[in-house]
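Chains A and B, in that order, are what the protein sequence lines are. With the first letter of the first sequence counted as 1, position 202 gets the number 206 in the working numbering; the numbers rise by one all the way through. With the first letter of the second sequence counted as 1, position 41 gets the number 48 in the working numbering; the numbers rise by one all the way through. All residues carry an ideal CB built from backbone N, CA and C; glycine is no exception. Just below is one structure, and these are the notes that go with it.
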Amino acid sequence: MELRFKNVSKKYGEVFAVNDVSYSMETGVYGLLGVNGAGKTTLMTMLCAVTRPTTGEITWDGNDIFKLGERYRDLLGYLPQNFGFYPDLSVSDYMMYIASIKGIRPAAAKKRLKELLEMVGLSKYRDRKMKALSGGMARRVGIAQAMLNDPKILVLDEPTAGLDPSERIRFRNLISELAADRLVLLSTHIVSDVEFIAEQIILMKAGKFFFTGTSDELIAGMEADVWNCKVFGNKVNEYMQKYPVGNVKHVSGGVELRILSKTPPSENAVREVPALEDAFLLYFGEKAGDEDAEI
Amino acid sequence: MLKCELKKFFSKMTNKLILAVLLLVSVIISFLAVDSMNYSDTGEEFASGTGRITVGRSRTSDKNKWKGRLTPKKIADAVGNYHKLEKADSESVWSDRSVKEEPLYLDILYFAANIYQTESDVVHADLDRLAEEDIEHIYDTYADNLQKVAKEYGETPEQEKLLREQYGKIEIPVTYEAYDSWKTMATYAEMYILILVVVIGFLAAEILGEEFRNHTEQVFFTAKYGRSKAVRNKIITGILTTTIVYWVGIGILSLISFGMMGVSGYDTPYQMEDPYNMYIVTQGQYYLLIVVCGYIASLLSASITMLITSKMHTEKIAVFIPIIMYWVPLIMGNRLSTMTKVFYFLTSALVNIDKGINYMTFFQMGNVVIRLIPFVMVLYAAVFLILLPYVYRSYLGYDSAKHSHRESRKRCRMERKLEERSI
Ligand SMILES: Nc1ncnc2c1ncn2[C@@H]1O[C@H](COP(=O)(O)OP(=O)(O)OP(=O)(O)O)[C@@H](O)[C@H]1O
Ligand SMILES: [Mg+2]
Chain A
5 MELRFKNVSK
15 KYGEVFAVND
25 VSYSMETGVY
35 GLLGVNGAGK
45 TTLMTMLCAV
55 TRPTTGEITW
65 DGNDIFKLGE
75 RYRDLLGYLP
85 QNFGFYPDLS
95 VSDYMMYIAS
105 IKGIRPAAAK
115 KRLKELLEMV
125 GLSKYRDRKM
135 KALSGGMARR
145 VGIAQAMLND
155 PKILVLDEPT
165 AGLDPSERIR
175 FRNLISELAA
185 DRLVLLSTHI
195 VSDVEFIAEQ
205 IILMKAGKFF
215 FTGTSDELIA
225 GMEADVWNCK
235 VFGNKVNEYM
245 QKYPVGNVKH
255 VSGGVELRIL
265 SKTPPSENAV
275 REVPALEDAF
285 LLYFGEKAGD
295 EDAEI
Chain B
8 MLKCELKKFF
18 SKMTNKLILA
28 VLLLVSVIIS
38 FLAVDSMNYS
48 DTGEEFASGT
58 GRITVGRSRT
68 SDKNKWKGRL
78 TPKKIADAVG
88 NYHKLEKADS
98 ESVWSDRSVK
108 EEPLYLDILY
118 FAANIYQTES
128 DVVHADLDRL
138 AEEDIEHIYD
148 TYADNLQKVA
158 KEYGETPEQE
168 KLLREQYGKI
178 EIPVTYEAYD
188 SWKTMATYAE
198 MYILILVVVI
208 GFLAAEILGE
218 EFRNHTEQVF
228 FTAKYGRSKA
238 VRNKIITGIL
248 TTTIVYWVGI
258 GILSLISFGM
268 MGVSGYDTPY
278 QMEDPYNMYI
288 VTQGQYYLLI
298 VVCGYIASLL
308 SASITMLITS
318 KMHTEKIAVF
328 IPIIMYWVPL
338 IMGNRLSTMT
348 KVFYFLTSAL
358 VNIDKGINYM
368 TFFQMGNVVI
378 RLIPFVMVLY
388 AAVFLILLPY
398 VYRSYLGYDS
408 AKHSHRESRK
418 RCRMERKLEE
428 RSI
């Protein structure tokens, strides 16, 4: 079980959406983090064989996934970022349809459907029309749909978008359960989605993987410390311009800021335990202004 | 898998709505057809009230007093009777003159008059010129004229031979039975078929297009059979639903119409209507020819809209193609076909059999000659079959990068703007 990217690039016009990525994945949960336009979706669509890399190769156990075709897709479960459904089908009819194109026999599909709907908490809604579901419910159907064929490779593009907080937590637990004996790749902007469940974190920026490793490695590699300092309300902007600032919390007599800096930003600053969130801020947050200027 | 695809088709709200409207239209056209039987050639009404519904049947059974082999004697009787009526009519004083009733043997008179009338561009044969004493030899004249027409309209020896062969199949004397319901339905069926071919093209395009419209294509194409069996099943669903919708529609139309008007005249030769027509069919076969051609037109419509949808990844353009294929040439047809013969062979010929049957038009290649209607039937049935593998290949060749993500890019830009604001 090895999925490998070999110098994979994807060009749209003159722009590299994915730029010379080489990486190898086995079982476990991989969290793909990056800002909008980093190339996460593009990478995932190539991995799911819906678009071909401009250059490079993606292999599954040494075989080109595009050559494997049906055999590869049989192992695949995919929740696209832009997940759509057939509005007039009921949840169970929708699932049965997807099961049919995945080549699952109706009897087996029915059983699996029941399990999955229970798993995503939608058993009550099995006869409801898809168009009558809320955005979050539809996304849960999307996750269930991806799981129908018990895939070896599960690719989830922003699976938690539109889920409410309790559903998010449920989803995280679900992923940890599913991860056994499976390769799960999930993309998100939300660090807390992957902080505790992803064994490997991939930071993606402008089409490149610029960090891969565990959450602890990422934090350990940060070239800045995390500080908590209390400032007056009128000073907030000044600090924001000077340092990457995480949480901003209003407290009595001022504002508490979570600041990334090599040196203490003020005398009263207190050193904090760094978290993945801080690393994300450090690597992506500070450059956000520049990136927008390019576009 | 096919069952799931069909279920998906029939559970769609728009499809349900369209099918309901088609059903309604078929009922309306049936009643229009039945009601049209209520008017004579001169525009008088035969009945009123509920009598309007049964008038077709009762007129037919009245006319069927003249049913049987049209021997020269029988035709002469009709002609004699007609002249007597005309004479009485012209001698009577204006105020006495009763409303002139359409004689029940009018079809027979026209048949006879048309035999003397070999020029096809004359619309109405002159009934007054029919002479009772000529009728004795009417079938000899007919046989002579058939030879003449074959010579005149057969532009090559092969065409002439084909015409002679066809004319040889005409049974003389012809056998008459009132065929008003078939004649009426030829027109009304063509009208309904014109609607069906466009609607069917739309429904078929939707089967492929809905994946893109609903943004379900990525799940579809990453499924195990998303680039093989599932695509094949979509195409089969397109053909199956075309078949179901078409034949159920035509079936309902025919059932209601013929149910009310009766099926008298199925075996009456088309030559009663046009003695020199080169298609030797009965009135009933003529109706079947129309609906079979309509079916081929529907299949072609479905395959072309499916092909364009799978090439363009949207059905928005495709759904207009059947209108261009079938409606536009009909509207401009007469002007175009005088320019070049090619226009006779356009796809619209398939839905225009009630005119096409009158054209002495052939396709000839070397010494193989085929008449217009069988030629377009074979040609477009073949085109339909040839297109299917292309539909399949172009659909499963989907690549998300080539599929213009105008919408998703727009969304991307919006997201970015939102983010800028939040920073
Ligand atoms: N079909 C396409 N045609 C042209 N450019 C595209 C296309 N799809 C993506 N891009 C561009 O490629 C880059 C990467 O896009 P991608 O959707 O992979 O980013 P992402 O990391 O998934 O972003 P998000 O977090 O917003 O989903 C962007 O600059 C985007 O504008
Ligand atoms: Mg994305």
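#1: Just confirm the distance between the C-beta atoms of Met99/A and Ala148/A, as a whole number of angstroms; I'd bet it's less than 8 Å.
#2: Any contact between the stretch 70-89 of chain A and the stretch 19-28 of chain A? By contact I mean 3 or more CB pairs, one from each, below 8 Å.
#3: How would you label Phe17/B, buried or exposed, when you count the other beta carbons within 10 angstroms and need 16 or more for buried?
#4: Please identify, using Cβ separations under 9 Å, the residues of the stretch 223-250 of chain B that lie next to chain A, in order along the chain.
#5: Curious, which full-length alpha helix (DSSP H) runs of at least 4 residues does the stretch 6-76 of chain A contain?
#6: Pairing CB atoms from the stretch 174-193 of chain B with CB atoms from the stretch 278-298 of chain B, are three or more of them under 8 Å?
#7: Fully enclosed by the stretch 224-297 of chain A, which alpha helix (DSSP H) runs are 4 residues long or longer?
#8: By the 7 Å beta-carbon criterion, what residues does the stretch 95-110 of chain A contribute toward chain B?
#9: Spatial neighbours of Ile163/B within its chain, please: C-beta separation below 7 Å, excluding the five flanking residues on both sides.
#10: At a CB-CB cut-off below 7 Å, which residues of chain B make contact with Arg77/A?
#11: Going along the chain, which residues of its own chain have a beta-carbon closer than 7 Å to the beta-carbon of Lys10/B, five neighbours each way excluded?
#12: At a cut-off of 7 Å, would you count Asp197/A as near ligand 2, judging by its Cβ distance to the nearest heavy atom?
#13: If we call anything under 8 Å between Cβ atoms a contact, is Ile206/A one with Phe200/A?
#14: So what does Leu190/A bridge to, in DSSP terms?
#15: With distances taken Cα to Cα, identify the nearest neighbour of Val385/B among Ile324/B, Ala325/B, Leu307/B.
#16: Can the beta-carbon of Leu262/B be found closer than 8 Å to that of Ile36/B?
#17: Please compile the residues from chain E whose C-beta is within a distance smaller than 9 Å of the C-beta of Glu217/B.
#18: Cβ of Lys44/A versus every heavy atom of ligand 2: is any distance shorter than 7 Å?
#19: If I measure Cβ to Cβ from Arg136/B and keep anything under 8 Å in the same chain, skipping five residues before and after, which residues do I get?
#20: Residues in the same chain with beta-carbon distance under 6 Å from Ile364/B, minus the five sequence neighbours each way, listed in chain order, please.
#21: Which residues does DSSP list as the beta-bridge partners of Ile206/A?
#22: Count the other CB atoms within 10 Å of the CB of Leu295/B; is the residue buried (16 or more) or exposed (fewer)?
#23: Quick check on the DSSP output: what are the complete alpha helix (DSSP H) runs of length 4 or more inside the stretch 144-193 of chain B, in order along the chain?
#24: Going along the chain, which unbroken runs of the alpha helix (DSSP H) with 4 or more residues stay wholly within the stretch 69-115 of chain A?
#25: So, does the CB of Val145/A fall closer than 8 Å to a CB anywhere in chain B?
#26: Enumerate in chain order the residues of its own chain whose CB-to-CB distance from Ser47/B is below 6 Å, with the five nearest sequence positions on each side excluded.
#27: Do the stretch 203-219 of chain B and the stretch 300-314 of chain B touch if we need at least three Cβ pairs shorter than 8 Å?
#28: Provide the residue(s) that pair with Lys133/A in DSSP beta bridges, ordered along the chain.
#29: Whole angstroms are fine: how far does the CA of Ile194/A sit from the CA of Ala142/A?
#30: In the stretch 51-63 of chain A, which residues sit with their C-beta less than 8 Å from some C-beta in chain B, listed in chain order?
#31: I'd like the list of long-range same chain contacts for Asp185/A, defined as Cβ closer than 7 Å, with 5 residues on each side in sequence excluded.
#32: For chain A, is any of its Cβ atoms less than 8 Å away from the one on Lys433/B?
#33: Scan the stretch 9-22 of chain B for residues whose Cβ lies nearer than 7 Å to a Cβ of chain A and list them as they occur along the chain.
#34: Relative to ligand 1, is the shortest distance from any of its heavy atoms to the C-beta of Tyr199/B smaller than 7 Å?
#35: So which residues of chain B does Asn153/A contact, with C-beta pairs closer than 9 Å?
From the atom records:
#1: The sequence position of residue 99/A within the first sequence is 95, counting from 1. The sequence position of residue 148/A within the first sequence is 144, counting from 1. That belief holds up - the Cβ atoms of Met99/A and Ala148/A are roughly 7 Å apart, short of 8 Å.
#2: Touching, no, given that fewer than three Cβ pairs across the two stretches are closer than 8 Å.
#3: As a first step, residue 17/B must be located in the second sequence, where it is residue number 10. The Cβ neighbour count for Phe17/B, taken over all protein chains shown within 10 Å, is under 16; the residue is labelled exposed.
#4: Correct list: Thr223, Glu224, Gln225, Val226, Phe227, Phe228, Thr229, Ala230, Lys231, Tyr232, Gly233, Arg234, Ser235, Lys236, Ala237, Asn240.
#5: For the stretch 6-76 of chain A, the continuous alpha helix (DSSP H) assignments of 4+ residues that do not extend past its boundaries occur at 44-51, 69-72, in sequence order.
#6: Yes, the stretch 174-193 of chain B touches the stretch 278-298 of chain B.
#7: Listed in chain order, they are 240-246, 280-284.
#8: For the stretch 95-110 of chain A, the set of residues with a beta-carbon nearer than 7 Å to any beta-carbon of chain B comprises Asp97, Met100, Tyr101, Ile102, Ser104, Ile105, Lys106, Gly107, in chain order.
#9: Taking the second sequence and counting its residues from 1, the one referred to as residue 163/B is at position 156. The sequence shown places Thr at residue 163/B, not Ile. Only Gln371 meet the Cβ criterion.
#10: Numbered from 1 along the first sequence, position 73 holds the residue referred to as residue 77/A. Those are Thr229, Ala230, Lys231, Gly233, listed as they occur along chain B.
#11: The count along the second sequence starts at 1 and reaches residue 10/B at position 3. Nothing meets the Cβ criterion.
#12: Along the first sequence, one-based indexing puts residue 197/A at 193. Outside the cutoff, so no.
#13: Residue numbering aside, residue 206/A sits at position 202 when the first sequence is read from its first letter. Residue numbering aside, residue 200/A sits at position 196 when the first sequence is read from its first letter. Not in contact: Ile206/A and Phe200/A (Cβ atoms no closer than 8 Å).
#14: Residue mapping note: residue 190/A aligns to position 186 of the first sequence, counting from 1. Bridge partners of Leu190/A: Gly35/A, Leu160/A.
#15: To locate residue 385/B, count along the second sequence from 1; it is residue 378. Among Ile324/B, Ala325/B, Leu307/B, the Cα nearest to that of Val385/B is on Leu307/B.
#16: The residue you call residue 262/B lines up with position 255 of the second sequence. The residue you call residue 36/B lines up with position 29 of the second sequence. Cβ atoms of Leu262/B and Ile36/B: not closer than 8 Å.
#17: The displayed structure is made up of protein chains A and B, and chain E is not among them.
#18: Translated into positions along the first sequence, residue 44/A becomes position 40. Yes - ligand 2 has a heavy atom lying nearer than 7 Å to the Cβ of Lys44/A.
#19: For the purposes of this step, residue 136/B is taken as the residue at position 129 of the second sequence. Excluding sequence neighbours, Arg136/B sits near Ala120, Tyr123.
#20: Residue numbering aside, residue 364/B sits at position 357 when the second sequence is read from its first letter. The answer, listed in chain order, is Tyr286.
#21: Here residue 206/A corresponds to residue number 202 of the first sequence, with the count starting at 1. Leu36/A, Thr216/A.
#22: Taking the second sequence and counting its residues from 1, one reaches residue 295/B at position 288. Counting the other Cβ atoms within 10 Å of the Cβ of Leu295/B gives fewer than 16, which makes it exposed.
#23: As for any alpha helix (DSSP H) of minimum length 4 sitting wholly inside the stretch 144-193 of chain B, the runs are 145-160, 164-175, ordered along the chain.
#24: Taking 4 residues as the shortest admissible run, the stretch 69-115 of chain A contains the following complete alpha helix (DSSP H) segments, listed from N- to C-terminal end: 69-72, 74-77, 95-105.
#25: Reading the first sequence from its first residue, position 141 is the one you call residue 145/A. Chain B, which has no Cβ nearer than 8 Å to the Cβ of Val145/A, makes this no.
#26: Counted from its first residue, the second sequence places residue 47/B at position 40. Once the five neighbours on either side are set aside, the close Cβ partners of Ser47/B are Glu109.
#27: The stretch 203-219 of chain B is in contact with the stretch 300-314 of chain B.
#28: Numbered from 1 along the first sequence, position 129 holds the residue referred to as residue 133/A. Per DSSP, Ser94/A.
#29: Taking the first residue of the first sequence as 1, we reach residue 142/A at position 138. Taking the first residue of the first sequence as 1, we reach residue 194/A at position 190. Going from the Cα of Ala142/A to the Cα of Ile194/A covers about 20 Å.
#30: Flagged, chain order: Cys52, Ala53, Val54, Thr55, Arg56.
#31: Here residue 185/A corresponds to residue number 181 of the first sequence, with the count starting at 1. The beta carbon of Asp185/A is closer than 7 Å to those of Thr31 in its chain, skipping five residues each way along the sequence.
#32: Outside the displayed span of chain B (8 to 430) sits residue 433/B, for which this structure offers no information.
#33: Taking 7 Å as the Cβ-Cβ cut-off against chain A, the residues of the stretch 9-22 of chain B that qualify are Cys11, Lys14, Lys15, Ser18, Lys19, Met20.
#34: By one-based count along the second sequence, residue 199/B stands at place 192. No, since every heavy atom of ligand 1 falls outside the 7 Å radius drawn around the Cβ of Tyr199/B.
#35: If you number the first sequence from 1, residue 153/A lands on position 149. Neighbours of Asn153/A on chain B, chain order: Ala230, Lys231.
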